[in-house]
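*Asks:* In this note's numbering, the protein residues as written are 1341 to 1635.
No residue lacks a Cβ here, since even glycine has one placed at the ideal position from N, Cα and C.
Dropping the structure in here first, questions after.
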Amino acid sequence: MTEADPLRLLAVHAHPDDESSKGAATMAKYVAEGVEVLVATCTGGERGSVLNPALDRPEVWERLPQLRVEEMARAREILGVRQEFLGFVDSGLPEGDPLPPLPEGCFALVPTEEAAAPLVEIIRRFRPQVVLTYDERGGYPHPDHIKTHDISVVAFEAAGDPERYPELGEPWQPSKLYYHMGFTLTRMRALHEAMLEAGAESPYAEWLATWDPERDMSHRVTTRVPCADYFPVRDAALIAHATQIDPTGRWFACPMDVQQRVWPTEDYELARSLVDSTLPEDDLFAGIRSEVTIP
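Below, the structure is given as structure tokens:
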């Protein structure tokens, strides 16, 4: 790392739209500050559903893979980030009891060392100091999210090792690895109570009623990035994924001013660090900024 190195953030996501529902305001904030941000999208979301009732039509389903690419292009423009597809095929979300087998050739079935290779290449080419991804449970148990976690951990460690993937470029070791911690009990409860205090119906009541406290991750949050000013950018990017989000649905039921006042941060767990920083943090680049400059 040299004094001329700019700050760079790599966010690794499973499908188009994940980048807009997890950490989008953080990315928009850093872009505004001059940080270079790249989103690596593992799959094209080919096996997704049409989740917006207004677009649930045969002609939309027929073009869904291409539409998801077009939606991703609009979202990355809104966020101001660069974005690349890794080229894997969506695994779909299996349902039933017992669960059916995953489709042959899908992302989740690719051996992890093999699936990590294109991400190693991106890390060595883009040279991020910070990598952002999902926790070991994938944030939620979608097979592509869990695989995204797996390859991110492998690539974070392998990218700096000249003996691993030697054909994929000059080694580069990122300094910090973070996991998204946005859907925590403490955050949902705070927003829920604020809605009730305002005399409004809470969109979080159903979630809280079925929440398993044993699986809550609130205690793992190490880093809260203040980014409330960029919540509108986040929402605009998410709405750009028109097949995947209902703009009149529960996701947008909590008023913007309530969100900005009650929980003005996006939250993360520092999972791996090769630099010194004091916890808790309010910056993904804590411990790194003194070593680099923003052009």
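Reducing DSSP to helix, strand and coil, say where Thr-1452 ends up.
*Replies:* The count along the sequence shown starts at 1 and reaches residue 1452 at position 112. The answer is helix: DSSP assigns Thr-1452 an H, G or I state.
*Asks:* Starting from Gln-1600, trace the alpha helix (DSSP H) both ways and give me its first and last residue.
*Replies:* Along the sequence shown, read from residue 1 onward, the residue named residue 1600 stands at position 260. Element bounds for Gln-1600: 1596–1602.
*Asks:* Once the 5 residues before and after Pro-1566 are set aside, which same chain residues still bring their CB inside 7 Å of it?
*Replies:* As a working note, residue 1566 is residue 226 in the sequence shown. If we look at Pro-1566 and ignore the five residues flanking it on each side, its Cβ neighbours are Pro-1604, Thr-1605, Asp-1622.
*Asks:* What three-state label does DSSP hand Gln-1469 in the structure shown?
*Replies:* Taking the first residue of the sequence shown as position 1, residue 1469 is located at position 129. Here Gln-1469 sits in coil by DSSP.
*Asks:* Quickly, what does DSSP pair His-1581 with across the bridge? List them, please.
*Replies:* Counting from 1 along the sequence shown, the entry for residue 1581 is found at position 241. DSSP output for His-1581 lists no bridge partner at all.
*Asks:* Can you check which of these residues, Ser-1389, Leu-1614, Leu-1407, is closest to Ser-1431 by C-alpha distance?
*Replies:* On the sequence shown, residue 1431 is found 91 positions in, with the first residue counted as 1. Looking at the Cα atoms, Ser-1389 is the closest of the given residues.
*Asks:* Assign Val-1615 to one of two classes, buried (16 or more other C-beta atoms within 10 Å of its C-beta) or exposed (fewer than that).
*Replies:* Within the sequence shown, numbered from 1, the residue matching residue 1615 stands at position 275. Under a 10 Å Cβ-count criterion, Val-1615 is classified as exposed, with fewer than 16 other Cβ atoms of the shown protein chains found around its own Cβ.
*Asks:* Is it the case that the Cβ atoms of Leu-1442 and Pro-1451 are separated by a distance below 8 Å?
*Replies:* One-based indexing of the sequence shown puts residue 1442 at position 102. One-based indexing of the sequence shown puts residue 1451 at position 111. No.
*Asks:* Whole angstroms are fine: how far does the CA of Glu-1554 sit from the CA of Leu-1548?
*Replies:* Position 208 of the sequence shown, counted from the first residue, corresponds to residue 1548. Position 214 of the sequence shown, counted from the first residue, corresponds to residue 1554. Their Cα atoms are separated by approximately 13 Å.
*Asks:* In chain order, what residues of the same chain lie with their CB nearer than 8 Å to the CB of Arg-1573, ignoring the 5 residues before and after it?
*Replies:* Numbered from its first residue, the sequence shown carries residue 1573 at position 233. Arg is not the amino acid found at residue 1573; the sequence shown has Val there. Same-chain partners within the cutoff: Ala-1364, Ala-1365, Ala-1368, Ile-1418, Leu-1419.
*Asks:* Would DSSP call Lys-1516 helix, strand or coil?
*Replies:* Residue numbering aside, residue 1516 sits at position 176 when the sequence shown is read from its first letter. It is a strand residue.
*Asks:* Is His-1485 helix, strand or coil by DSSP?
*Replies:* Residue 1485 sits at position 145 when you count from the first residue of the sequence shown. His-1485: helix per DSSP, three-state reduction.
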